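Chains as they are written, first to last, in our numbering: chain A, 30 to 165; chain B, 30 to 165; chain C, 30 to 165; chain D, 30 to 165; chain E, 30 to 165; chain F, 30 to 165.
Right, dumping it as structure tokens:
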């Protein structure tokens, strides 16, 4: 069993704002992250899969194909977008890094071939803050 | 003469959109960066000053004071903001990294003491794109 | 269950020196790290907590609060200090990165709220050497 | 139980080419990585061991000795070499990062003292692609 | 006048070997870099251009177009190639980082529009060694 | 003319403390950096030389020889040392990064061969603070 990780990135706008709360409560809980006019990040995404390498290729999975799957189901949906307004799979969810990492897991896991398993989604919001999700 | 650099960062939303142009022309020129609903970045800012170190301290300038000047006149104006909507010193300007670097220069240069000179503003928009401005 | 990590850093002096040994044995075992006059490091600290995100905020835990807990109980005790001389919670312990990571665990773990669990302390001594401790 | 990691690196040439296949099939499967005239990488290697620190030193294991073991059994065999032609322990294997990480595990694991256990080999092929192997 | 930098990368094999010298002299001068069977690197390339930003776009130059120029005239010629064997513009030259940086300058400089000037080619061979060339 | 840079590093203890001043004044000016019991850093050092590459080797200068010169005259003097107590060439000087960078320049410049010129000493004290000195 080996683990293979591919790093990708996307740039997006968001705000942390619970629509069921008053503006004052949002600002009290989320501080500057609740700015109505949005802010944004360069997100760094690490996708880790696991399984047994193929004897003929030495590959667990062709990393170029993994990159295409991530691009189609995640990057193209998130890059240069507003996470609160433009992303169907984030609709109705708070745009925290925690929720975003879990949503990315579900975007990828069903598109992998049967011999590989998604192991981890690691998502950096800033250089000093990241979230990991292992699907459970 | 020595050069002293302090790195800071801020997270902001923006879009590249010329209000004098049609939506179509904006999309043709700026591509996904023209997304009406904004996108954003983790900007990394490097401020370099130059001068002669003081004999008693060995310092060109107290880097904690430099950091406070940058915070007051730049970071507090830009961090968790929308560069197109929330920033007086960017009003009426296209929010390109080039224009932002030049505007940051003017925010800082008048607040330095007479014995130090601002040398360079270096601004990363993404990990692979940066702009430098030397004031001329 | 998601995992949230916050990176912090501190700068400190230390030496590796067992007071029960002769100077010669200390130098034989620890080499240049036993220099009586100290040396020092920029330590990078990664604190990982785990738990279930809150439905209303999307947060496992407010990362600004996590940062304050780390600052109060770890960074303020270690930053710009001598690890062998100035730190009550390292008293009587060898100042190895291993022991320091374990001590940092105990400084933080009792100050977290009941819905989050400390998962890992990862501590870089240099860019190429780090220690991880998972509390067991 | 603590985990200690040491990072090393080596620069090597390789190609991905299955000698049992035609040139056309190799190019179809491996693309530019099948270039007959080779290409190469700066590999970054992270070796993680685990165990209980010694009470007298505070060390799990002297990281300088760990570095020497890695140098003797891995770096000296791989650095400035052609992975397909010059490395006895890769003979007959496809030179994928997956196979290389597993081979490095076997080069190191038998040379560690009884009180430490090899935990992980993490190998970066490029800045955005890495493989991890935990020995099972 | 602003300076805009775009980072790209390529992976290639090479050796340092002067064909006018004996094998012994090559090994004496170039050491392990003279290995007949090649070695390789992940090269990081920084291309810096300078000029006056356009008033309507705020851009010195569209960084996506700059990236395409670099890709067409440099990356496509060097990536997953053998620098000594596969690259017409390196023919007859020693494959040092110095010579490669100067050759990359000449590949790019003639393909830039008249309002921008190539300022610097910065090329990392390893994480700790880089060369800069300013065209003079 | 090309510029060649080699990165090295060292770990050292220091304090910022002017012996002609009272303890109170030192603390007022230098804050936590004046801690009598020292603190320390992982310093990153970039040495840049310039000149014309040799036609037979393609080298400006053998980077392994440059590394040895830096090691002998700088790293061996500073690594795992107390900058205030253990370093003859810092005697009588304030141990600021500014003064240290200038002193490193003088340690290296006289040991280079006539065909290369020292261009820049760049010294990181922390990941976010660095000094550059160009010899004038």
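Cβ coordinates follow ideal geometry from the N, Cα and C atoms, glycine included. Predicted model, so just to flag it, every value in this text is computed and none were measured.
(request) Answer with buried or exposed for residue 82 of chain B, where buried requires no fewer than 16 other C-beta atoms within 10 angstroms of its C-beta. (result) buried
(message) I'd like the span of the beta strand (DSSP E) that includes residue 37 of chain D, first residue to last.
(response) 31-43
(message) By alpha-carbon positions, which one of B:32, B:98, B:39 ends up nearest to residue 135 of chain B?
(response) B:98
(request) Using only alpha-carbon positions, find the residue among C:124, C:106, C:125, C:148 that is nearest to residue 116 of chain C. (result) C:106
(request) Pull out every residue of the segment 112-144 of chain E whose Cβ sits closer than 8 Å to any Cβ of chain D, in chain order. (result) 114, 115
(request) Name, please, each residue of chain C whose Cβ falls closer than 9 Å to the Cβ of residue 39 of chain D. (result) Result: empty, since nearest Cβ-Cβ is about 14 Å, beyond 9 Å.
(message) Quick check: residue 33 of chain F and residue 158 of chain E, are their CB atoms within less than 9 Å of each other?
(response) yes
(request) Just tell me which of D:161, D:80, D:48, D:88 has its CA closest to the CA of residue 130 of chain D. (result) D:161
(message) Here's the rule I'm using: 16 or more other beta-carbon atoms within 10 Å means buried, otherwise exposed. How should residue 69 of chain F be labelled?
(response) buried
(request) Could you tell me the distance, in whole angstroms, from the CA atom of residue 89 of chain C to the CA atom of residue 145 of chain C? (result) 7 Å
(request) Consider the Cβ of residue 88 of chain A: report whether some Cβ of chain D lies at a distance smaller than 9 Å. (result) yes
(request) Confirm, please, whether the CB-CB distance from residue 138 of chain A to residue 147 of chain A is below 9 Å. (result) yes
(request) Output the distance between the C-alpha atoms of residue 78 of chain F and residue 79 of chain B, rounded to the nearest integer angstrom. (result) 21 Å
(message) Please report the distance separating the alpha-carbon of residue 50 of chain C from that of residue 35 of chain D.
(response) 27 Å
(request) Measure the Cβ-Cβ separation of residue 40 of chain B and residue 71 of chain B and say whether it is below 9 Å. (result) yes
(request) Give the residues of chain B in contact with residue 47 of chain F, contact being defined as C-beta atoms less than 8 Å apart. (result) 85, 86
(request) Would you kindly report the start and end of the unbroken beta strand (DSSP E) that includes residue 154 of chain D? (result) 145-155
(message) Using beta carbons (cut-off 9 Å, strictly below), is residue 34 of chain B in contact with chain F?
(response) yes
(request) Could you give the DSSP three-state label for residue 81 of chain C: helix, strand or coil? (result) coil
(message) Below 8 Å on the Cβ atoms is my contact criterion, and I expect residue 42 of chain A with residue 111 of chain A to pass it. Report the Cβ-Cβ distance as a whole number of Å.
(response) 5 Å
(request) Starting from the beta carbon of residue 158 of chain C, find every residue of chain D whose beta carbon is closer than 8 Å, and list them in chain order. (result) 33, 34, 35, 36, 92
(message) For chain B, check one thing: does any of its Cβ atoms lie closer than 9 Å to the Cβ of residue 110 of chain A?
(response) yes
(request) Pull up the DSSP beta-bridge partners for residue 74 of chain B, would you. (result) B:37, B:152
(message) Could you tell me the alpha carbon to alpha carbon distance between residue 102 of chain A and residue 128 of chain A, rounded to whole angstroms?
(response) 16 Å
(message) Our contact map puts residue 119 of chain D next to residue 45 of chain D with C-beta atoms below 8 Å; I'd like the distance itself, whole angstroms only.
(response) Contact doesn't hold; Cβ gap of about 13 Å is too wide.
(message) For a cutoff of 9 Å on Cβ pairs, would you count residue 64 of chain D as touching chain E?
(response) yes
(message) Measuring only the C-alpha atoms, how far is residue 92 of chain C from residue 55 of chain C?
(response) 41 Å
(message) I'd like to check one pair, residue 38 of chain D with residue 61 of chain E: are the Cβ atoms closer than 9 Å?
(response) no
(request) Put residue 111 of chain F into one of helix, strand or coil per three-state DSSP. (result) strand
(message) Using a Cβ-Cβ distance cut-off of 9 Å, determine whether residue 76 of chain E contacts chain F.
(response) no
(request) Could you tell me whether any Cβ in chain B is nearer than 9 Å to the Cβ of residue 60 of chain F? (result) yes
(request) With DSSP as the reference, label residue 140 of chain D as helix, strand or coil. (result) coil
(request) From the DSSP output, read off the bridge partner residues of residue 160 of chain B. (result) B:152, E:33
(request) Flag residue 162 of chain F as yes if its beta-carbon sits less than 9 Å from any beta-carbon of chain B, otherwise no. (result) yes
(request) Anything in chain C within Cβ reach of residue 56 of chain A, meaning under 9 Å, just list it in chain order. (result) Within 9 Å Cβ-Cβ: nothing; residue 56 of chain A doesn't reach chain C, min ~13 Å.
(request) Return the chain-ordered list of same chain residues with a C-beta closer than 8 Å to the C-beta of residue 100 of chain D, the five sequence neighbours on each side being excluded. (result) 37
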